[in-house]
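Right, one structure below, let's go through it.
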Amino acid sequence: MEKKKKSKIQQGMLNRYRMIFIIIALFAILIATMLFKTTVVDAPLWNEKAAGTLVSGDSITPERGKILASDGSILSVSVRYYMVRLDLRSPNFKPEAIDSLLPRLCSQLESLHTQPQRTAAQWKALFDNEIKKEKSNRSRTFLISKKMTKAELDTLRTFAYLNSRNGRTIITAQSLDCREKPFGRMAARSIGNINDLKHGTSGLEKELDSLLYGKPGVKKKVQLTTAIKEWEDIAAINGYDILTTIDVQIQDILETELYNMCVEQEPEWATAVLMDVKTGDIKAISNLSWNETAHDYIETVNHAVRSWELGSVMKPISLAIAIEDGFVHASTPVTIGASFPYAQARPITDTHSIGANPTVTEVLAGSSNIGTARIITSHYGEKPWEFRKRLEEIGFFESLNIGISGESKPTIQPLGSPDKRMENPWRINLSRCCYGYAVQQSPVTNLAIINAIANDGKFVRPRLVKELWRNDSLIKSNPVSYVRKQAFSPKTASEVRSMLRAVVWSDRKGVPTAPRLQNNFVEIAGKTGTARIMEPGVGYTNKLRVTFTGFFPYDKPMYSCIVVFNAPRIRSAQLVSGRVLMNTALKMYARGMLGNKSDFRKEDDNTHRAPTLMAMSSDKTTRVLSQMKAKSYSQMKSKGNEKGMVPNVLGMGLRDAVATLERCGVTVTKISGSGYVAQQIPAAGSPLRKGTKATLHLNN
């Protein structure tokens, strides 16, 4: 009985073993079948997929080039940073090992520039909070810094505990490529930004993107003996370092003035360009558009190179052609009348009267549509195409190729041709285009031709890119070039310059359209322009585009500038665009950038006078007096230098006073006298409000 029972148990065990064997055998057969299917039947498919994985290439992002100012200083550069964390859940992290070193580590972290910055006590509290937790609850991403340089990261690795074998392994550093602007907010809008794909989205970063970005490379996965590795198949070509013509100081002045006026006037957009008269170097360029998302004016579209109807800033070009062709001169009288019906079109009118028989100079100074149209139609009315031909000859329709994307060439409504029968619309277009309608031009084009008038008729090509560099080697230089070596004769240019001066400085009452630009320091010449804005499907609206194009100083032109506002609140070119140009010129003068003498007194003027010292510490006062060997002095008090109050600039030279006020957001709108600031309005200590304007009276 016992034998039978034992045999039955053995049989059961044997059956179970058989079952296990059968299951294992079935799995083995299944594996063998799948292996055969994969390696033999489906081999071509898998081989093709593997080959595709190895052959397909991933893009290598090139290093973006630097943007440099005209003096070589860096405006924008790509910098690699690291986001640094500690893995406090790592098996290598030993709380007992770090405990005794924690005070020293926290003190070292306090001395390091981290983001966010913390004190040693704050670091210790954070570490203590993590260390007391269970291992499974500790942070794997304990943040040390959101942004750290390579040098700072190397320094971190020398700190207490983190310099040990276990300490080094818990540090994780994620690389971040950032675009930095060393000058901070200065000219930041015009320099622009880039996106996550490293392409420019605004400002110069966008306009020069094709040069800055470079050419992507290609990397592939390759099968090596031990593993699959990435292999650089085509090397990336880094972008060019671009030496621009931008002057950082001028850029900051112009951009600030344009922005402040935008805040005051609330236009849809505004643009300004300032260039060197002789070389065509663009020293400053700014484009601001209202952005609803940001609720601010930002750099987006480059309006400076797009074509618009700019209004009366076309008149100097038209009259310069008429003078060059010998039809009129600056002193030629013109009979204009109250209106000018021409070619059966709606009569041409003026916004104000400048008299019945003004001279050509007064026609331009008073911005007479009637006078300009009468002069041009009387000589080109029977052959309108000849006027277009003359525009072509001076280079009006030429592409300027200044290196900014989106540049458009000027266009003009049809003026016919000699091989076709004369049609009235051609004559109507002629009568309109000569004073700024029926013709579209970019602000840069208009500026370049007015600049030619300031430059004795030499039509120099505007230049933004001066040199291209790569790996510290000069690749290409962009020399000064000319659209036309002589668009106008020096005699014509001189005559038109005097006419443009009359726009601001004419002493005939009611004639000049920009008398508010008169000042005691910089003699400005130029032309106002207003044009009704045309909208698609609507036609001409009541909104105005206002422009001022000019140059300064008048007697020896150094810089030319154009400022355009689209639909500002005040419909006045002189009070909006003209003010931006004037304030820019005055600030350049205050900084001694117009070849003017310093506003500081000569040494011999101060021999017998006690020095005036600005507010400073007693130690600094003692040191300064010792160096000056002065026995007595007067010291300005610091009234008004507190935050939220107008600063005290009494006793300062003009340049220092303007700079001090600007730093506080105060715009200097009027300056009189010479020497040192004797009176300031508003007074020092007055509440500082947004858009505060100041008047300075100087006296020796």
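So the sequence shown is numbered by numbering that gives the first Met the number 0: it starts at 0 and just counts up by one.
For every residue, glycine included, the Cβ atom is placed at its ideal position computed from N, Cα and C.
Own chain partners of residue i with C-beta closer than 8 Å, once the 5 adjacent residues on each side are dropped
| i | result |
| --- | --- |
| G216 | S58, I59, P61, E231, D232, I233, A234, A235, I236 |
| E494 | I322, H328, A329 |
| T540 | R531, I532, M533, E534 |
Where residue i falls: helix, strand or coil (DSSP)
| i | result |
| --- | --- |
| L87 | coil |
| D232 | strand |
| C560 | strand |
| Q262 | Note on identity: in this sequence residue 262 is Val, with Gln being the wrong assignment. Residue state, collapsed to three classes: helix. |
| C177 | strand |
| I249 | helix |
| S138 | coil |
| L211 | helix |
| R15 | helix |
| E385 | helix |
| L695 | strand |
| Q626 | Because the pLDDT at Q626 is just 47, under 50, the model does not fix this residue reliably, and the value given afterwards should be weighed accordingly. Helix, per DSSP. |
| Q679 | strand |
| V76 | strand |
| Q412 | coil |
| R515 | helix |
| G333 | Contrary to the premise, residue 333 reads as Val rather than Gly in this sequence. In this structure, V333 counts as coil in the three-state DSSP scheme. |
Among the options, nearest to residue i - alpha-carbon criterion
| i | options | result |
| --- | --- | --- |
| F550 | L85, D208, R500, I320 | R500 |
| D280 | S138, S6, L242 | L242 |
| N445 | V645, N428, V562 | V562 |
| E661 | L85, S671, A677, A589 | A589 |
| S135 | R88, L463, E298, K7 | R88 |
| W122 | L44, M592, L108, A293 | L108 |
| G238 | V272, C261, G199 | G199 |
| T331 | T348, E534, V312, N356 | N356 |
| N569 | V83, P266, I322 | As written in the sequence, residue 569 is Ile, which differs from the Asn given in the question. The option with the nearest alpha carbon to I569 is P266. |
| S367 | G191, V482, L697, F339 | F339 |
| M147 | Y81, E206, T659 | Y81 |
| R578 | V300, W45, Q264 | Q264 |
| R63 | Q412, R469, R103 | R469 |
| G71 | L101, K508, G652, D240 | D240 |
| R420 | E381, L207, F326, H112 | E381 |
| I353 | Q116, K508, Q439, N290 | K508 |
Sequence-distant residues of its chain with Cβ nearer than 7 Å to residue i (five each side left out)
| i | result |
| --- | --- |
| Q679 | V648, L649, A693, L695 |
| A187 | K180 |
| P461 | M274, G279, I281, L399, I401, V443, A447 |
| F768 | Within the shown structure, residues of the chain are numbered from 0 to 699, placing residue 768 beyond reach of any answer. |
| R305 | G405, S407, S441 |
| I347 | S338, F339, Y341, N368, I369, A372, S430 |
| N595 | Y588 |
| M581 | L516, N518, I523 |
Rounded C-alpha distance that separates residue i from residue j
| i | j | result |
| --- | --- | --- |
| I8 | L25 | 26 Å |
| R531 | A572 | 12 Å |
| T360 | S77 | 53 Å |
| M498 | Q485 | 20 Å |
| R17 | V83 | 59 Å |
| D295 | V262 | 9 Å |
| L211 | E204 | 8 Å |
| K149 | R79 | 8 Å |
| R389 | P383 | 10 Å |
| K228 | K220 | 5 Å |
| I28 | F92 | 47 Å |
| E129 | E151 | 24 Å |
| L125 | G191 | 38 Å |
6 Å CB neighbourhood of residue i in its chain, flanking five on each side removed
| i | result |
| --- | --- |
| G370 | V333, I335, V362 |
CB of residue i within 8 Å of CB of residue j, strictly
| i | j | result |
| --- | --- | --- |
| S505 | A364 | yes |
| M313 | C433 | yes |
| L697 | V676 | yes |
| K475 | L463 | no |
| I252 | K542 | no |
| P556 | A453 | yes |
| S416 | T376 | no |
| I374 | A321 | yes |
| V276 | N477 | no |
| L287 | L257 | yes |
| E323 | F487 | yes |
| S311 | G435 | yes |
| I169 | D98 | no |
| V645 | V657 | no |
| P413 | V438 | no |
Proximity test, Cβ basis, 8 Å: residue i and chain C
| i | result |
| --- | --- |
| V438 | The structure shown has no chain C; it contains just one protein chain. |
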